[in-house]
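J.:
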Amino acid sequence: MLLSSAPWLALLATPVLSWLPGEHKEIYARDSTNLFNNTAFGVDSSSKRWLQASGKVRGVNLGSLFVFEPWLAETEWASMGCDGQASEFDCVSSLGQTQANSVFQAHWNSWITQADISQMQSYVLNTIRVPVGYWMLESLVYTSEHFPQGGIEYLETLCGWASDAGFYIIIDLHGAPGAQVATNPDTGQNAPSAGFYVDYQYARAEQFLSWLTNLIHTNSSFRNVGMIGTVNEPIQNADTVATMRSSYYPGAYNAIRTAEQALGIAQNNYLHVQPMNELWGSGDPNQYLTNDVFLAYDDHRYLKWANVTVSQSAYLTNTCNDNRNNDNDTPTIVGEFSLSVPDDVQWTAAWDPSTQQAFYTQWFAAQVTKYEQDTNGWIFWAWKSQLGDYRWSYQDAVTAGVIPGNVADVEQGACDGY
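The sequence shown maps to residues -18 to -1, 1 to 400 in mature numbering (1 follows the signal peptide of the UniProt record, and there is no 0).
(1) Identify which residue in G115, P232, A348, D371 has its Cα closest to the Cα of N273.
(2) My output table needs one value for I210: the three-state DSSP class, helix, strand or coil.
(3) According to the neighbour-count rule (16 or more other Cβ atoms, all chains shown, within 10 Å of its Cβ), is T291 buried or exposed?
(4) What residues are listed by DSSP as bridge partners for R40?
(5) Are the region 387 to 397 and the region 68 to 88 touching by the rule of at least three beta carbon pairs closer than 8 Å?
(6) Taking 7 Å as the threshold (C-beta atoms), are V255 and Y235 in contact?
(7) Going by other Cβ atoms of all chains shown within 10 Å of its Cβ, with 16 needed for buried, is E135 buried or exposed?
(8) Can you tell me which residues form a DSSP beta bridge with V114?
(9) Under a three-way DSSP split, which group does V282 fall into?
(10) So who's on the other strand from F319, going by DSSP bridges?
(11) Have a look at A11 and Y279 and give me their C-alpha separation to the nearest angstrom.
(12) Mapping DSSP to helix, strand and coil, what is Q394?
(13) Since A144 and I99 should fall inside the 8 Å C-beta cutoff, what is the C-beta to C-beta distance between them, to a whole number of angstroms?
(14) Which residue from Q377, E354, G370, Y353 puts its Cα closest to that of A364?
(15) For C302 and Y400, what's the separation of their Cα atoms in angstroms?
(16) In the DSSP assignment, find the beta strand (DSSP E) that holds H199 and state where it starts and stops.
(17) Could you spell out where the beta strand (DSSP E) holding V255 opens and where it closes?
(18) Buried or exposed: where does W329 fall if 16 or more other Cβ atoms within 10 Å of its Cβ makes it buried?
(19) R111 to E354, Cα distance in whole Å?
(20) For I94 and L47, which I take to be in contact (beta-carbon distance under 8 Å), what is that distance rounded to the nearest angstrom?
(21) Would you check if the region 99 to 109 and the region 173 to 190 touch, i.e. whether three or more CB-CB distances between them fall below 8 Å?
(22) Determine the DSSP secondary structure at residue 426, reduced to helix, strand or coil.
(23) Take L245 and list the residues in its own chain whose beta-carbon comes closer than 8 Å to its own, dropping the five residues that flank it on each side.
(24) Sorted by chain position, which residues of the same chain lie with C-beta nearer than 6 Å to S175's C-beta, five sequence neighbours on each side aside?
(25) Taking the alpha helix (DSSP H) that N91 belongs to, which residues open and close that run?
(26) Grouping DSSP H, G and I as helix and E and B as strand, with all else coil, what is V380?
(27) Compare the beta carbon distance of R227 and Q269 with 7 Å and say whether it is the shorter of the two.
(28) Could you check which residue in F149, F178, P257 has the C-alpha nearest to that of residue 416?
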């Protein structure tokens, strides 16, 4: 089950969608009857914008790197002088721009290093997902907004390391202008209300996506970036976010494609554009997207917050019987999942990670086996944390023996009997 390093993305979710190596690929439009062939376009073998034809996405999220989530790394947050602040916006407001730039740049330089990338590579992972905020394009930031500056330099360095190591890279817009959900530091600003769902904020996000697309196609450090997530975890109410589907999703798609067309990018080298899938609960992302090529879909699955009976048996039963592509949004990647369980039981005897390694080993194996069966793969949240809890840290879970050091050696038969 070792994964080849050949430079192409093969997304094999349905029989009608086939990505083939080397000299022949099919360009995918969401209408599966609209397929056409391109031949002999000479993919650069030094690039890995395309993953191997026979494999699946197997990756980790670089949580709390460019969009800091204080709950994940309280010690680091406090050492930066941000203790007591709810989000990046609040910390920068408190410290002032100059001091904030200094402490955030030190954080970026140390949170994910080249040694981390090498360790991920040694674990036979093939993908990283990088959450970012729109404020990386500093010209978009209003004088009333407060975010750390200089992040793009570190993103370039990171993507250079990951490209050199052969990783496939997804960059996800985690922090949208105005905040896509309220009171959530995961957006970078812990805003009192979700202010994203208006035309002028959509326009700012589209400017960001256009700029990022241009950067990806013109800077070799970004050569392995193959996908952009257009907004992370929007409000889970289809009526509330109706304009996101009717205005922003088409606008985001067009912003990326217009930037590529201006650069003369051949269609076979387009980036995948990735909204959340319909299972997320924000409505059908395809409602206003018609005959668009290179769409992909992001699914997040946390049983911690799902309406599922809280028992080990129930968790395994749910995982082993839950098709995360049953909305037929293809290709789908399970872009976030973890091993965490509800707060009120997570340290009880039945769930304690120090004594229940066998269960967590089986549950990890069940999740990744099922995701690879039904979708195009998975990305664990997160690579590292300071929680002392391997359920939120891939790195710690390998150390604990819950995840194998070579992910191809994951436990077989984890769903047997379920």
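Ideal placement from N, C-alpha and C gives every residue a C-beta, glycine not left out.
T.: Walking through what the data contain:
(1) P232
(2) strand
(3) exposed
(4) W360
(5) no
(6) yes
(7) exposed
(8) L155
(9) Per the sequence shown, the amino acid found at residue 282 is His instead of Val. Strand at H282.
(10) R283
(11) Bear in mind that a pLDDT of 34 at A11, under 50, signals an unreliable position, so the number given afterwards is only what the model happens to contain. The alpha-carbon atoms of A11 and Y279 are separated by roughly 13 Å.
(12) coil
(13) 6 Å
(14) Q377
(15) 6 Å
(16) Counting along the chain, H199 falls outside any beta strand (DSSP E), though it belongs to the alpha helix (DSSP H) covering 181 to 200.
(17) 254 to 256
(18) exposed
(19) 17 Å
(20) 5 Å
(21) no
(22) In the structure displayed, the chain extends from -18 to 400; residue 426 sits before or after that span and is not available.
(23) N196, H199, T200
(24) A164
(25) 79 to 93
(26) helix
(27) yes
(28) Examination of residue 416 is not possible in this model, given that the chain is present from -18 through 400 alone.
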